[in-house]
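The block underneath contains the structure these notes are about, expressed in structure tokens.
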Amino acid sequence: MKVLVDIIRYIVGGLFIFSGLVKVVDPVGTAIKLEEYFAVFAGDIASFFSVFEPYALVIGIVLNVIEVTLGVALIIRWRVRYTMNLLSIMIIFFTFLTFYTAYFNKVTDCGCFGDAITLTPWQSFTKDIILVILIGFLYLNIKRIKESTFGPKNIIVICTTVVSLLLCIYSVKHLPIIDFRAYKVGTNIPDAMKAKENPQFQYTFEKNGEELKSYEYKSEEEGYTLVGHEITNTEASTPKITDFATWNESGDKTENVLSGQKLWIVAYDISKANTEGLIDINDLLSRLSPEIEPIILTSSSAEDVLRIRAERGMKTDFYYADATVLKTIIRSNPGLVLVEDGTIKAKWHFNDVPDPFEITQKLD
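In my numbering, the protein residues as written are 3 to 366.
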């Protein structure tokens, strides 16, 4: 039994560490997901949830750091009962979120594993139910988990917490160390907007009271009645990018944005964009090679964009795009994305605005 307890302990601890780490490197992504939850809860449950939206980033960082720390604590058997209590609270909280997501279909992706692994709402809920069972099993056998006598275990827990927190802070001040999103450097957006394969359908027919599954469509003239169908190659037949589009008052500008050498100034909400970042970017634009065309991509109103452009003396054209897409492209407001013929060559946080030479090097 002790061997089984240890195996489950390592599985649970490892899952919490992995889940926490993929979010520690992208705390802004966690904050975006929490904002979605708070907005939904404010509308469906109680309005006071909206109070938490401005603090989503802080809450996300705390949750991510605790997740990693508890995973490590469970594996090294640090203060077992205390660790198990906190793990139980967290898994109950996460299970509620994933159940709400799945049952009411409010948030289509819980963000359990950040952008590293995307689960459907019911897959996320199933995963949490399994963890509830595993943690419950550990609780029932908590006496079999003896606290470690390893001396430096307190130091390990403290170091884990500090390192996780520093990674979060770095990823907020700059960009995620690892980019799991569809718009990572090296991605050719036009190619990513195409599916690898055509959809393959499996049909379900009924004939003489019996059901038959077939990849070939059978006609009613043969006595078959179509009951339903499903796509069997969903992942391969779904493009990695399905929501990229840019436009202005004159129409669609997606092709223009993806052609030639472009420097996107991404500001999903330009009225909230970092002021110093805009100043540094404007200074960069004055020295930018004429071969590289700067374009502002935003979901803000024309009035806000024109006001900011006038305040900063910017003459850059601007196009509209979906706010969620812009937040996915880069975790910075504003942020810079260098694109050549639709391929993302580099990204920069507003704290890391490059000089023109560095930009030119990325195009060589």
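Ideal Cβ positions, reconstructed from N, Cα and C, are used throughout, including at glycine.
Legend entry - Extent of the continuous beta strand (DSSP E) to which Q363 belongs: Note, Q363: premise wrong, no beta strand (DSSP E); alpha helix (DSSP H) at P358 to L365.
Inset, instruction - Enumerate in chain order the residues of its own chain whose CB-to-CB distance from L133 is below 6 Å, with the five nearest sequence positions on each side excluded. - result: Short of 6 Å from the beta carbon of L133, and not among the five residues preceding or following it, lie these beta carbons of its own chain, in chain order: I93.
Inset, instruction - With DSSP as the reference, label N335 as helix, strand or coil. - result: It is coil, neither helix nor strand.
Legend entry - Delimiting residues of the beta strand (DSSP E) encompassing Q263: Q263 to A269 is the span of the beta strand (DSSP E), which, as asked, contains Q263.
Legend entry - Own chain, CB closer than 8 Å to S239, minus 5 neighbours either side, in chain order: Non-local beta-carbon contacts of S239 in its own chain, meaning distances under 8 Å to residues more than five positions away in sequence, involve A197, K198, E199, N200, P201, Q202 and I233 in chain order.
Legend entry - Proximity below 8 Å, CB of D282 to CB of F359: Going by C-beta atoms, D282 is not nearer than 8 Å to F359.
Inset, instruction - Quick one: grab the DSSP three-state call for A348. - result: Correct three-state label for A348: strand.
Legend entry - Separation of T248 from R183, as counted between CA atoms: Linking R183 to T248 through their CA atoms gives a straight-line distance of about 19 Å.
Inset, instruction - Kindly identify the DSSP beta-bridge partner or partners of K209. - result: The bridge partners DSSP lists for K209 are E212.
Inset, instruction - Leaving out five residues on either side along the sequence, give the residues of the same chain with a beta carbon under 8 Å from the beta carbon of I137. - result: Short of 8 Å from the beta carbon of I137, and not among the five residues preceding or following it, lie these beta carbons of its own chain, in chain order: V14, M86, L89, S90 and I93.
Inset, instruction - Could you tell me which residues DSSP puts in a beta bridge with F18? - result: Answer by DSSP bridge pairing: none, since F18 is not bridged.
Inset, instruction - Express the C-alpha separation of Y219 and E55 in angstroms, rounding to a whole number. - result: Pairing E55 with Y219, the inter-Cα distance amounts to about 50 Å.
Legend entry - DSSP beta-bridge partners of T300: Note: T300 is bridge-paired with A269 and Y322 in the DSSP secondary-structure output.
Inset, instruction - Have a look at E293 and K264 and give me their C-alpha separation to the nearest angstrom. - result: If you take the alpha carbons of E293 and K264, they lie about 9 Å apart.
Legend entry - Cβ neighbour criterion (16 or more within 10 Å) applied to G337: Result: buried.
Legend entry - Cα-Cα separation between S291 and V165, rounded to whole angstroms: Here the alpha carbons of V165 and S291 stand approximately 40 Å from one another.
Inset, instruction - Output yes or no for whether 8 Å exceeds the beta carbon distance between T300 and I272. - result: The answer is yes: Cβ separation under 8 Å.
Legend entry - Exposure of D245, with buried meaning 16 or more beta-carbon neighbours within 10 Å: With fewer than 16 other beta carbons inside 10 angstroms of its own, D245 counts as exposed.
Inset, instruction - Would you identify the three-state DSSP class for I47, choosing helix, strand or coil? - result: In this structure, DSSP gives I47 a state outside helix and strand, which the three-state scheme calls coil.
Inset, instruction - Taking E69 as part of the alpha helix (DSSP H), name the residues at either end of that continuous run. - result: Looking at the DSSP string, the run of the alpha helix (DSSP H) that includes E69 is A58 to I78.
Legend entry - A104 and G62 closer than 8 Å at C-beta: Against a cut-off of 8 Å, the Cβ pair of G62 and A104 comes out as no contact.
Legend entry - Local conformation of V341 per DSSP, three classes: Secondary structure of V341 (DSSP, three-state): strand.
Legend entry - Inside the segment 87-164 only - alpha helix (DSSP H) runs reaching at least 4 residues: Entirely contained in the segment 87-164, the alpha helix (DSSP H) runs reaching 4 residues are, in chain order, 123-142.
Legend entry - E313, DSSP secondary structure in three states: Here E313 sits in helix by DSSP.
Inset, instruction - Note down the Cα distance separating L72 from D8, rounded to an integer number of angstroms. - result: If I take the Cα positions, the gap works out to 16 Å.
Inset, instruction - Return the CA-CA distance between R289 and I180, expressed in angstroms with no decimal places. - result: For the pair R289 and I180, the Cα-to-Cα distance works out to about 30 Å.
Inset, instruction - Determine, using beta-carbon pairs with one atom in the segment 141-151 and one in the segment 29-49, whether at least three such pairs fall under 8 Å. - result: No: the two stretches stay apart, fewer than three of their Cβ pairs being nearer than 8 Å.
Inset, instruction - Go through its chain and collect everything with a Cβ distance to G230's Cβ below 7 Å, but skip five positions before and after it. - result: Cβ within range, chain order: T206.
Inset, instruction - Tell me whether the beta-carbon of R333 lies closer than 8 Å to the beta-carbon of P178. - result: Yes, the pair counts as a contact, with Cβ atoms nearer than the cut-off.
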